[in-house]
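The next block holds one structure in the form of structure tokens; read it before the comments.
Numbering (the numbering used here), first residue to last: 2 to 197.
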């Protein structure tokens with residue numbers, strides 16, 4: 002979730018949501034969960050909360066299906082918030098905004114550029130979050146399974162190399178420079194990480 006205030010992206014209000022209630026790949030239901038959680042936070046916390054005040058408008062990444070999903074939550078909470086879908090072209094770039102009646106909104110070039118930049122920020126935020134989650138999962142599954150690698154050695158490895166992928170690419174001589182890692186353990190690390 003990214004937030005525009007007075008035409009400027011407010012990075013402090015960006016949020017990444019881990020889906021809690023939807024167990025399958027169902028974008029509209031995931032969107033409903035996220036929007037409901039976000040709006041409820043603002044309703045409870047008012048302007049002092051971490052989510053800021055309620056939005057004047059919500060731009061959903063998608064067309065009429067996503068608009069309907071978001072509208073159901075807004076109506077359920079009894080709120081009056083404008084809602085628009087960001088419709089994509091065949092290159093997955095926003096080509097138009099549509100309202101709930103599928104009417105395309107006429108946009109100036111400046112506004113279209115603002116929306117395009119906003120979309121880029123949303124995608125950047127999502128990609129960074131997915132990468133972080135993926136790296137965390139890889140780190141857990143890959144390093145935690147190696148006998149002889151405890152929390153301290155794992156942290157030292159990640160501090161030195163930055164990621165499991167970089168540890169995988171490291172030469173034996175580089176691994177043995179890490180405190181507590183001898184040549185045998187370095188070989189074991191290389192062998193185990195090849196499996197992932």
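C-beta: ideal position from N, C-alpha, C; glycine also.
Note that the region 2-9 touches the region 115-122; at least 3 beta-carbon pairs, one per stretch, sit closer than 8 Å.
With fewer than 16 other CB atoms across the displayed protein chains lying within 10 angstroms of its CB, residue 20 is exposed. Distance between residue 163 and residue 194, taken at the CA atoms: about 15 Å. Of all alpha-carbon atoms in 59, 42, 60 and 61, the one lying nearest the alpha-carbon of residue 52 is that of 42. In this structure, DSSP gives residue 6 an extended state, which the three-state scheme calls strand. With a contact defined as Cβ atoms closer than 8 Å, residue 157 and residue 179 qualify at about 5 Å.
Annotation note: the region 27-98 contains the following uninterrupted beta strand (DSSP E) runs of length 3 or greater, listed N- to C-terminal: 58-61 and 83-89. DSSP places residue 110 in the helix class (H, G or I) of the three-state scheme. The Cβ atoms of residue 96 and residue 88 lie closer than 8 Å to each other. DSSP places residue 187 inside the alpha helix (DSSP H), whose first and last residues are 184-195.
Under the three-state reduction of DSSP, residue 157 is assigned to helix.
The C-alpha of residue 109 lies about 35 Å from the C-alpha of residue 46. Put simply, the backbone Cα of residue 26 is about 18 Å away from that of residue 37. According to the DSSP assignment, residue 165 belongs to the alpha helix (DSSP H) that extends over 165-170. Residue pairing by DSSP places residue 105 opposite 99 in a beta bridge.
With respect to the 8 Å criterion, residue 79 and residue 68 are not classified as neighbours on the basis of their beta carbons. Nearest C-alpha to residue 137 among 126, 155, 148 and 149: 155. Scanning 159, 126, 151 and 133 for the CA closest to the CA of residue 16 turns up 126. DSSP places residue 176 inside the alpha helix (DSSP H), whose first and last residues are 173-176. Contact between residue 72 and residue 84 is confirmed by a C-beta separation of about 6 Å, below the 8 Å threshold. Put simply, the backbone Cα of residue 131 is about 32 Å away from that of residue 181.
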